[in-house]
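Colleague:
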Amino acid sequence: MKIKIPRGEEFDIKHIVSDYNGTIALDGKLVEGVADLINELSKDIKFHVITADRCTTIF
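Residues in the sequence shown are numbered from 58 upward in steps of one, following my numbering.
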């Protein structure tokens with residue numbers, strides 16, 4: 058996918074990296090409609106989802 062920034066560069070997007078909770082999901086559940094959008098994008102772009110567990114401090 059190519060994206061042209063007005064008065065700027067053109068980018069050839071090959072990968073999208075997204076956080077999971079708070080970006081494409083809420084409370085651990087994928088936001089409605091996001092799966093369809095990811096499936097459409099993944100025809101041309103590799104889509105990567107990252108996430109992390111909560112950090113817990115032990116006293």
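Positions of the beta carbon are idealized from the N, C-alpha and C atoms, including for glycine. Note that this is a predicted model, so its numbers are computed, not measured.
Is I102 helix, strand or coil by DSSP?
Modeller: Start at 1 with the first residue of the sequence shown, and residue 102 comes out as number 45. Coil at I102, not helix or strand.
Colleague: Under a Cβ-count criterion, where at least 16 other Cβ atoms within 10 Å of its own Cβ denotes burial, should I70 be classed as buried or exposed?
Modeller: Here residue 70 is taken as the residue at index 13 of the sequence shown, counted from 1. With fewer than 16 other Cβ atoms within 10 Å, it is exposed.
Colleague: What distance in whole Å lies between the Cβ atoms of F68 and I81, which are believed to be in contact at a cut-off of 8 Å?
Modeller: Here the question's residue 81 lines up with position 24 in the sequence shown. Here the question's residue 68 lines up with position 11 in the sequence shown. Their Cβ separation, rounded to whole angstroms, is 21 Å, which puts I81 and F68 out of contact at 8 Å.
Colleague: Compute the Euclidean distance between the alpha carbons of D93 and D84, then round it to the nearest angstrom.
Modeller: Taking the first residue of the sequence shown as 1, we reach residue 93 at position 36. Taking the first residue of the sequence shown as 1, we reach residue 84 at position 27. Distance between the alpha carbons of D93 and D84 is about 19 Å.
Colleague: Is D84 helix, strand or coil when you go by DSSP?
Modeller: Working through the sequence shown from its first residue, we reach residue 84 at position 27. D84 falls in the coil class under three-state DSSP.
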